[in-house]
């Protein structure tokens with residue numbers, strides 16, 4: 198639900214704040230993986246499915 202309400206930077210900041218509070222061992226990796234997942238979510242939101250990404254017709 199928050200994906201549609203907050204900007205990507207705000208979501209990333211929230212995740213990193215939580216990671217800091219939880220003392221995550223590798224926060225940079227978490228941030229990178231979160232950003233990749235968020236980008237995938239945005240593509241799915243825009244195109245509807247993975248199949249639409251590869252449609253060459």
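In my numbering, the protein residues as written are 198 to 254.
No residue lacks a Cβ here, since even glycine has one placed at the ideal position from N, Cα and C.
Pick from the options that is closest to residue i, judged by C-alpha positions
i	options	result
residue 225	213, 235, 234	213
Assumed close pair residue i, residue j - CB separation to whole angstroms, cut-off 8 Å
i	j	result
residue 203	residue 235	Actually they are not in contact, since the Cβ atoms of residue 203 and residue 235 sit about 11 Å apart, beyond 8 Å.
Beta-carbon gap between residue i and residue j smaller than 9 Å
i	j	result
residue 216	residue 227	yes
residue 239	residue 206	no
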